[in-house]
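Right, one structure below, let's go through it.
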Amino acid sequence: MGKTAFVLSGGAAKGAFQVGAINYLMGEKKIIPDIVIGISTGSLQSVPVAQHDLKLMNDVWMNIKSMGDICSTNLFRLLGLLFGTSNGILEFKGLRKILGKVLDKEKLKNSTTDIFVGTVDLQSTQLQYWDKNNIDLDKILASCTIPIIFPPMKHNNSQLVDGGVRDIVPLKKAIEEGADTIYAILCMPLNLQAERKVYKSIGDVVLRAIDDIMKNEIMRNDIKALKTKNELREKHEYFKNKYRHIECKVIDPSRHFLDELEFKHDKIMDGINHGYERAKEILK
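Heads up: the sequence shown begins at -6 in this note's numbering, then just goes up one per residue.
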């Protein structure tokens, strides 16, 4: 019998959307995944999903009131930027405390849901996935480590950063682990919306060009590639033996609800509600 996987993309604060979608899938539809794969903010949701603890997941997000609950900076880091000695602007003090209360290694090891969290090794350049046997707090934080914004996490002789540097929507990993049904929960619309605004600052231009447009193109191509393989399998006998059919249900926002580092309580709640309603709409 085929396996079901939740694939959770990156998106920082936009992960609130995933919380709502997961509430609908696991809470309303009673879909318990065999596999959950998280990249960046998706790794945060993957832990309570694998532990089958929706209350814990919701408590974490509903108690976030501001960005200070997740991360912070200090004078030394800011001065380091001026002198080229700092490898990140912010640090995960708040998020580390939160994860310390969320991560339960015994629950993960005994869970019927397999978990995989993605990071990228700056030295080897390789994408790595950590499972229930070797996952820990630092690996999850590393998966959330947006380069430049946060300093890389040290692991042995390596520096680990956000897995989204190489894989934004880890569909391939889900298929490799035997998934036949995939719920891909994205943090941004698959059909990116046009905006009638002028991007004035360097930061705004970079975020729009890289964080929105480039990421969106990568996501669209990954999902399109999977659909193309399904179509080839249906039309040509040769591909029936080469590929197996993969049912991929994409749950994505239909509108902008917050920015990636906008950890504001009211907008987080809006994102959670939107995720629930959007999942309900798509899966009806």
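Where a beta carbon is used, it is the ideal one built from N, C-alpha and C, also for glycine.
Predicted model, so just to flag it, every value in this text is computed and none were measured.
- In terms of Cα proximity to D252, the closest of G13, N184, I57, D204 is D204.
- The alpha helix (DSSP H) runs lying completely inside the segment 2 to 58 and spanning 4 residues or more are 9 to 15, 34 to 43, 47 to 55, given in chain order.
- The Cβ atoms of L153 and A135 sit closer than 8 Å to each other.
- Restricting attention to K208, G(-5), E169, S79, the CA atom closest to the CA of R159 is found in K208.
- Note on geometry: alpha-carbon atoms of L49 and G4 lie some 20 Å from one another.
- Counting every other CB atom within 10 Å of its CB across the protein chains shown gives K132 a total of 16 or more, marking it as buried.
- Counting only runs that start and end inside the segment 135 to 184, the beta strand (DSSP E) elements of at least 3 residues fall at 146 to 148, 151 to 155, 172 to 178.
- CA-to-CA, the gap between D62 and L179 works out to about 23 Å.
- The bridge partners DSSP lists for D107 are I28.
- In terms of CA proximity to G93, P41 leads the group T106, N80, P41.
- Membership of E253 in any alpha helix (DSSP H) is not indicated, and neither H nor E is assigned to it by DSSP.
- DSSP links A(-2) through a beta bridge to I28, I175.
- Selection K86, G264, S117 evaluated against P144 yields K86 as nearest (Cα-Cα).
- With contacts defined as CB atoms closer than 8 Å, I91 and V29 fail to qualify as a contacting pair.
- With the rule of 3 Cβ pairs closer than 8 Å, the segment 92 to 110 counts as touching the segment 16 to 34.
- Here G8 is actually not in contact with L47; their C-beta atoms are around 15 Å apart, not less than 8 Å.
- Taking the CA atoms as reference points, K277 sits about 12 Å from Y269.
- In this model, T221 and I175 are separated by some 16 Å (Cα to Cα).
- Spanning the alpha carbons of D124 and Q44 requires a straight line of approximately 13 Å.
- When rounded, the separation of the alpha-carbon atoms in K233 and L225 is 8 Å.
- DSSP, read as helix, strand or coil, puts I244 in strand.
- Distance from I82 to I142 at the Cβ level is roughly 6 Å; contact confirmed, criterion being Cβ atoms closer than 8 Å.
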